[in-house]
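A.B. asks: Under UniProt numbering, think of the first position of the sequence shown as 1, with each following residue one higher.
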Amino acid sequence: MSIVEGDLLHTVETGSISASRRFWGRVALWLSAIWFMASFVLQAVHEFGWSDWGFANWRPVLYAYFIWAVVLCVTRVVIYGEAGKKALFVLPAALFVVSMVVFPLLFAFWIGFSDWNLASSTGRRFNGLDNVRRMISDPFYANALFNMILYCLAIAVEYAIAFGLALLLNQEIIARKFWRVTFLMPLMLSPVAVSWMVGKSMLETRFGPIARMARWLGWENPSFFGEPLTARLSIMIMDAWTFIPFMMIMLLAGLQALSREVLEAAEVDGATKWQRFWQVIFPLMLPVSVTAVMIRIIFKLKLADIIITVTSGGPGGATDSVTSFIYREYRDRSNVGYGTLLALVYLVIIVVGMTGLMKISDRIVKRMTGRL
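1. So for F55, helix, strand or coil by DSSP?
2. When the Cα atoms are used, what is the spatial distance from D332 to T309?
3. Under the DSSP definition of a beta bridge, which residues are partnered with F126?
4. For S114, which residues in the same chain have their Cβ closer than 7 Å to its Cβ, ignoring the five residues on either side in sequence?
5. Using 8 Å as the Cβ pair cut-off and three pairs as the minimum, do the stretch 22 to 34 and the stretch 67 to 82 touch?
6. How long is the line joining the alpha carbons of P245 and L187, rounded to whole angstroms?
7. Can we say the stretch 166 to 175 touches the stretch 249 to 263, given the rule of at least three CB pairs closer than 8 Å?
8. Of the choices I350, D362, Y159, G339, whose alpha-carbon is the least far from that of Y141?
9. According to DSSP, what are the bridge partners of N131?
10. From what residue to what residue does the alpha helix (DSSP H) around W241 run?
11. Do A162 and M247 have their C-beta atoms closer together than 8 Å?
12. Since T319 and A231 should fall inside the 8 Å C-beta cutoff, what is the C-beta to C-beta distance between them, to a whole number of angstroms?
13. Does the Cβ of D52 have 16 or more other Cβ atoms within 10 Å, making it buried, or fewer, making it exposed?
14. Smallest Cα separation from T311: which of I235, S120, I79, G112?
15. Could you tell me which of L229, K359, T242, A175 sits nearest to M197, measuring between CA atoms?
16. So, helix, strand or coil for N147, using DSSP?
17. Using C-beta distances below 8 Å, list every residue in its chain close to L263, excluding the 5 sequence neighbours before and after it, in chain order.
18. Do V288 and S361 come within 8 Å of each other at the CB atom, strictly closer than that value?
19. Compare the C-alpha of S259 against each of P283, T272, S120 and name the closest.
20. Just to check my reading of the structure: F48 and V61 have Cβ atoms closer than 8 Å, yes? What is that Cβ distance to the nearest angstrom?
21. Rounding to the nearest angstrom, what Cα-Cα distance links T355 and R22 in this structure?
22. Nearest by alpha-carbon distance to L342: which of G317, K177, F109, I297 is it?
23. Excluding the 5 residues preceding and the 5 following K359 in the sequence, name in chain order all residues of the same chain whose CB lies nearer than 7 Å to its CB.
24. Considering only their Cβ atoms, is the gap separating A154 from A240 smaller than 8 Å?
25. Exposed or buried, M185, counting other C-beta atoms within 10 Å across all chains shown (16 or more means buried)?
26. Rounded to whole angstroms, what's the CA-CA distance from residue 374 to L233? Just pull it up for me.
27. How many angstroms separate the CA atom of T176 from the CA atom of V348?
28. Going by DSSP, what residues sit across from N335 in a beta bridge?
29. Do you know offhand how far A56's Cα is from L29's?
30. Using only the alpha-carbon positions, how far apart do D7 and M100 sit?
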């Protein structure tokens, strides 16, 4: 008997599965599913206050889901045999994603439409669209969204600086390796460390070295965080100083991967340095540039640590990002329900915005690279 024939003896095909085995497999699957759905609906009705029947918390529902997930995986093999085993390569991972992503998201929606202040003795209660109305009329949240637009627009300047540094470090300059390591050092620091080192020390109004230099240059009362405009610019500069090396190293890797033959051919054709950059290097670098900018936008959308450490959103919320504003809603006001709704709305804005931006950038890259 060959090895292949021996393996076939252990293969359970769909046609060789008995009807009773399929029947009991489906019964077990339906019973576990009914148990899970019944416990979920019962607890949901209890939480909304429509019934006194329910559990003390959602833990029994979690146990019911876990049992249903195990039964679902086992019954795939019981009912479908060898074909069911193939599903086990994907099904456990999908169920894990549902339990760790979908359920918490649904739970967040449930919290977002409720009045839940941890400082209140009444606990959580459903308040319908009150949080939505409050969000629409909240000037501080609107200001935080406006600040995020400004912070994201500043990435264009960061990208230009990073590209210039990458072009410089790609040349045969003296101590090139030393300068590469030097420019990467800000990326090695924690944003909180940068906040204390730069924002709390170097930019300190009375004794900070930068403030002293500003007074020496003629600025009588230098205050980097006392006015909205200067405070925003200071936050942008500190954040840019931390993350420009990230884009620089990605762009430098892209420059080193460019074909030398193409660049030499452009030089032989008589193209100037500017023409080689704008018509050859820049279009070829667009895929890397888009990737670097997209990742930078993702980091920028999470900007909070520098703002919380240095200004706490001040003066008057002028430097607040959405993330820092939501953080202060939780920490300072203990407003879990309203803060959760703000986070959900911000999540929707990010998903829609990033999807549209990726489609637009993909069209631009195809158009620019198609000209080469």
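For every residue, glycine included, the Cβ atom is placed at its ideal position computed from N, Cα and C.
C.D. replies: Result, derived from the coordinates:
1. coil
2. 14 Å
3. S114
4. R124, R125, F126, N127, G337
5. yes
6. Rounded to the nearest whole angstrom, the C-alpha separation of P245 and L187 is 6 Å.
7. yes
8. G339
9. Its beta-bridge partners do not exist; DSSP assigns none.
10. 228 to 256
11. yes
12. 5 Å
13. exposed
14. I235
15. Checked all of L229, K359, T242, A175; the closest Cα to M197 is T242.
16. helix
17. R276, V280, I281
18. no
19. P283
20. Going by Cβ atoms, the distance from F48 to V61 rounds to 14 Å, so no, they are not a contact pair.
21. 43 Å
22. F109
23. none
24. yes
25. exposed
26. No information on residue 374 is available, as it lies outside the stretch 1 to 372 that the chain covers here.
27. With the sequence shown as reference, residue 176 is identified as Arg, and Thr is not the correct amino acid for it. If I take the Cα positions, the gap works out to 44 Å.
28. N117
29. 26 Å
30. With a pLDDT of 49 at D7, under the threshold of 50, the predicted position of this residue should be treated as unreliable, though the coordinate-derived value follows. Approximately 38 Å, taken between the alpha carbons.
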